[in-house]
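Chains as they are written, first to last, in my numbering: chain A, 299 to 731; chain B, 299 to 731.
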């Protein structure tokens, strides 16, 4: 055996780089080669980090100390206050944990917790590979287009009841507004899910990283109905435009302190603590202020207008799609075109994305990467390929009672619109091929 | 079963928070309660982040994008150049990986690599718990006070030869200048270790995070003698005073690309990428500049003078201790006092540290936390409890050809000196108890 002889953990072997990050790097390569690309791949907020938060980072640039593993106490307090204010949930500051992205915290949670993982699919791309790396069993819970891709309380009850051991430790990962479909369960469903979770002692990881991007500012945390068993996952990446800063938060209920403590121990042997200047700066983001509220109002307004325009176009083109409630994703389904696509040799979401990219330059991700069966014809598109700073300024100049119309979108989000039009044109041309 | 019923990964259960981080939090509590504490616990650089690096962070505070998982390309280039310049090792920029601290990268390495882990003890506190969390087998290689605690090439050879399978995949973790003992193998020994590693195809993780703190600026990387099998671990935390910033680097040889690629995949499912503003700012730290050289010269000079003073005091007090070559740690051994300590009911390093803290306010860590047998009487002391900014300024004002004398140290590092004196006084009082 030489040094080039591969000796890798079997759980890691054959894994590929996270699909969302891989598409980002591929798009960059294609662009560099001169191709015109309409990127709907990586789900990165188009908006800049608010000025007051950037200024806070400058102010704290000299902070050099290792901070407490669990997080800077002042920041934990701000996060707890944030959830109290925005979600009406009573979180204690010493039950908040700060991590270098909520993705890392989810990994630590899957590593530390010993139990089954329940995930409604479609789901975010990283939950399942994380479980695979750690060697955990994942049970995907079926959803359907008809049910708006959301978790049906009946399906959750059926899954739990079907297993012999009703008290098996279980972790349910909910994510809404959802990546990939931009919607989630309504309040009544959330209450039913909470009841079932209570019945089976399920721990819920509620991934609410897009909560503040709810287009109407009306996100409702399931922690309101299941406070004793819900861990709320949040962070700066999406609503605050700071994905690259890497700061995520977990907020635990008091009686899951044993789990929080275990995560802190593992954190102390892995990332140690989150970058000090970033933690100090983030306090400003979580604290209530007129500047942050203003920023949120206008970013939601832009995302809402653009999302609605896209849905209208795709619906007219016979693409199956639901309204979006938040985030910046759509999950269109091309079932209507199955026969025509089959004539082109396309019968699954992976080939579909490949061909769309080749023929139109529109880069999206297959539903398969989000836990859907490969033979379905759905894709995830992130509508973020526009100059968010410019769009915010334009929105500020547009009276609040006026709708952001097509002219506004043409001026501010031209590449997104062109991409959608190219996709629709490609669909309509399938007839003539 | 209720939600308070603990269900944890057995590898995580019973683990305690990293000893170095725990002592830091304990010292803070004791101080808050009004106790006078002489902290020799956490190994955090006393020096500020150089101004040019802080300024670079301010300049890049607005950077918000997710960076490539492996690292910002310009930073990877700077790190490769850094190792070429400082270590005379030929590293390609696309074989450099950036992580949120080298600790996190080590965890990913232990997770991705499938093989035995060899560690000479005493060793840094986190290598062994990391292996435990992942479920890897660790073989500790014996060292001794007589051999300056360094890895003996003969012991390494004997360990490898003793196993039936000479081609077993193995990872040797070397760390020098060492945490906990501030020294390392000399060049001749490094060459012998390299030869043995080559013979058995051992991969070496050379943890050189303290390389630039070598008090004479004469650090030698083992990668010079074993370039094809050495991963160099480095980062900003120690020589650049930026422990709290969380930026570490791994530099791979070309033929371990398979291992680098696996780490990148796991990183893409965990921390994603290192904070963008921090990565941009770090370019300035790794690039050669007069400001950085100046900063390094003076920080080494202060550490050298203080280290020598401490060694002289402890040696005079019959404490077994070797000269330090770099970093800011000593690993004194109190074997001379065994009988007297036994009269006080102290026969192991854990009780020794507890009692020293109680009786004198000197906070240090037991050798046991660094992989030594519990019944030895050694402790690790970090001599960093002084105002590094002030000490740098004072050193700048002292002509370069003049030694930083006791008066300089009294003025700049009073708490370290008082702590050492309290410890020695405590030892001398053992006779009279």
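Ideal placement from N, C-alpha and C gives every residue a C-beta, glycine not left out. Predicted model only: the values in this text are computed from it and were never measured.
How big is the Cα-Cα spacing for residue i and residue j?
{"i": "residue 661 of chain A", "j": "residue 319 of chain A", "result": "13 Å"}
{"i": "residue 723 of chain A", "j": "residue 478 of chain A", "result": "23 Å"}
{"i": "residue 510 of chain B", "j": "residue 593 of chain A", "result": "44 Å"}
{"i": "residue 456 of chain B", "j": "residue 342 of chain B", "result": "36 Å"}
{"i": "residue 312 of chain B", "j": "residue 609 of chain B", "result": "37 Å"}
{"i": "residue 676 of chain A", "j": "residue 330 of chain B", "result": "58 Å"}
{"i": "residue 288 of chain B", "j": "residue 615 of chain B", "result": "Absent from the structure is residue 288 of chain B, since the part of chain B shown begins at 299 and ends at 731."}
{"i": "residue 460 of chain A", "j": "residue 548 of chain A", "result": "30 Å"}
{"i": "residue 556 of chain A", "j": "residue 437 of chain A", "result": "24 Å"}
{"i": "residue 545 of chain B", "j": "residue 419 of chain B", "result": "26 Å"}
{"i": "residue 471 of chain B", "j": "residue 432 of chain B", "result": "16 Å"}
{"i": "residue 664 of chain B", "j": "residue 649 of chain A", "result": "59 Å"}
{"i": "residue 695 of chain B", "j": "residue 335 of chain B", "result": "30 Å"}
{"i": "residue 591 of chain A", "j": "residue 706 of chain A", "result": "22 Å"}
{"i": "residue 454 of chain B", "j": "residue 647 of chain B", "result": "26 Å"}
{"i": "residue 369 of chain A", "j": "residue 348 of chain B", "result": "25 Å"}
{"i": "residue 672 of chain B", "j": "residue 424 of chain B", "result": "17 Å"}
{"i": "residue 601 of chain B", "j": "residue 513 of chain B", "result": "7 Å"}
{"i": "residue 332 of chain B", "j": "residue 480 of chain B", "result": "32 Å"}
{"i": "residue 427 of chain B", "j": "residue 668 of chain A", "result": "34 Å"}
{"i": "residue 417 of chain A", "j": "residue 322 of chain A", "result": "25 Å"}
{"i": "residue 350 of chain A", "j": "residue 532 of chain A", "result": "20 Å"}
{"i": "residue 655 of chain A", "j": "residue 324 of chain B", "result": "56 Å"}
Please list, in chain order, all residues of the same chain as residue i whose beta carbon is under 6 Å from its beta carbon, the five residues on each side excluded.
{"i": "residue 344 of chain A", "result": "682, 684, 686"}
{"i": "residue 354 of chain B", "result": "579, 582"}
{"i": "residue 714 of chain B", "result": "681, 683, 684"}
{"i": "residue 474 of chain B", "result": "482"}
{"i": "residue 359 of chain A", "result": "575"}
{"i": "residue 679 of chain B", "result": "338, 628, 662"}
{"i": "residue 693 of chain B", "result": "596, 599, 600"}
{"i": "residue 607 of chain B", "result": "707"}
Could you check how far apart the C-beta atoms of residue i and residue j are, in whole angstroms? I think they sit under 8 Å.
{"i": "residue 395 of chain B", "j": "residue 562 of chain B", "result": "7 Å"}
{"i": "residue 389 of chain B", "j": "residue 383 of chain B", "result": "Residue 389 of chain B to residue 383 of chain B, Cβ: 11 Å. No contact."}
{"i": "residue 625 of chain B", "j": "residue 508 of chain B", "result": "4 Å"}
{"i": "residue 525 of chain B", "j": "residue 377 of chain B", "result": "At roughly 16 Å, the Cβ-Cβ gap does not stay under 8 Å, so residue 525 of chain B and residue 377 of chain B are not in contact."}
{"i": "residue 410 of chain A", "j": "residue 306 of chain B", "result": "6 Å"}
{"i": "residue 690 of chain B", "j": "residue 566 of chain B", "result": "Not a contact, Cβ separation roughly 39 Å."}
{"i": "residue 535 of chain A", "j": "residue 527 of chain A", "result": "Actually they are not in contact, since the Cβ atoms of residue 535 of chain A and residue 527 of chain A sit about 25 Å apart, beyond 8 Å."}
{"i": "residue 402 of chain B", "j": "residue 569 of chain A", "result": "5 Å"}
{"i": "residue 658 of chain A", "j": "residue 721 of chain A", "result": "6 Å"}
{"i": "residue 503 of chain B", "j": "residue 406 of chain B", "result": "Incorrect: roughly 12 Å between the Cβ atoms, too far for contact."}
{"i": "residue 391 of chain A", "j": "residue 571 of chain A", "result": "Contact flag wrong, Cβ pair sits at about 16 Å."}
Might you give, ordered along the chain, the residues of its own chain that have their beta carbon closer than 8 Å to the beta carbon of residue i, omitting 5 neighbours on each side?
{"i": "residue 728 of chain B", "result": "635, 638, 639, 641, 642"}
{"i": "residue 435 of chain A", "result": "414, 415, 429"}
{"i": "residue 309 of chain A", "result": "430, 431, 432, 433"}
Taking Cβ-Cβ distances shorter than 8 Å, what residues in chain B pair up with residue i?
{"i": "residue 684 of chain A", "result": "Those within 8 Å of residue 684 of chain A in chain B number zero; the least Cβ separation is about 15 Å."}
{"i": "residue 541 of chain A", "result": "362, 363, 364"}
{"i": "residue 340 of chain A", "result": "364"}
Cβ closer than 9 Å: which chain B residues qualify as neighbours of residue i?
{"i": "residue 437 of chain A", "result": "Correct list: empty, because the minimum Cβ distance to chain B is about 16 Å."}
{"i": "residue 306 of chain A", "result": "410, 411, 412, 556, 557, 560"}
{"i": "residue 319 of chain A", "result": "364, 366, 367, 566, 570, 571"}
For the ligand SAM, I want to know if residue i counts as a neighbour, meaning its beta carbon is within less than 7 Å of at least one of the ligand's heavy atoms.
{"i": "residue 625 of chain A", "result": "Looking for the ligand SAM in the displayed structure turns up nothing, as the structure carries no ligands at all."}
Beta-carbon within less than 7 Å of residue i's beta-carbon, same chain only, minus the 5 sequence neighbours each way: which residues are those?
{"i": "residue 485 of chain B", "result": "518"}
{"i": "residue 451 of chain A", "result": "487, 490, 491, 494"}
{"i": "residue 725 of chain B", "result": "615, 635"}
{"i": "residue 523 of chain B", "result": "488, 489, 492"}
{"i": "residue 346 of chain B", "result": "539, 686, 687"}
Please list the partners that residue i has in chain A, where partner means a Cβ-to-Cβ separation under 7 Å.
{"i": "residue 568 of chain B", "result": "401, 402, 405"}
{"i": "residue 348 of chain B", "result": "What residue 348 of chain B touches in chain A: nothing, since even the nearest Cβ is about 10 Å away."}
{"i": "residue 732 of chain B", "result": "The structure shown does not extend to residue 732 of chain B, since chain B is modelled only from 299 to 731, so the question has no answer here."}
Taking C-beta pairs closer than 7 Å, name the residues in chain B that residue i reaches, listed in chain order.
{"i": "residue 356 of chain A", "result": "356, 359"}
Give me the chain A residues within the contact set of residue i, using Cβ-Cβ distance strictly less than 8 Å, ordered along the chain.
{"i": "residue 422 of chain B", "result": "Per Cβ cutoff of 8 Å: no residues; residue 422 of chain B is ~11 Å from chain A at best."}
{"i": "residue 315 of chain B", "result": "367, 562, 563, 566"}
{"i": "residue 431 of chain B", "result": "409, 564, 567"}
| request: Ignoring anything shorter than 4 residues or poking outside the stretch 377 to 459 of chain B, list the alpha helix (DSSP H) runs there in chain order. | output: Correct list: 400 to 410, 425 to 432.
| Of all the beta strand (DSSP E) runs that stay within the bounds of the stretch 486 to 571 of chain A, which reach a length of 3 or more residues? | If you keep only unbroken beta strand (DSSP E) runs of at least 3 residues inside the stretch 486 to 571 of chain A, you get 501 to 505, 528 to 533, 546 to 549.
| request: Would you list, in sequence order, the uninterrupted alpha helix (DSSP H) runs of no fewer than 4 residues that lie entirely inside the stretch 576 to 646 of chain A? | output: Within the stretch 576 to 646 of chain A, the complete alpha helix (DSSP H) segments of 4 residues or longer fall at 588 to 614, 636 to 641, listed in chain order.
| task | Tell me the start and end of each unbroken beta strand (DSSP E) in the stretch 674 to 725 of chain A that is at least 3 residues and wholly inside, in chain order. | result | Assignment of beta strand (DSSP E) within the stretch 674 to 725 of chain A, counting only whole runs of 3 or more residues, yields 677 to 680 in chain order.
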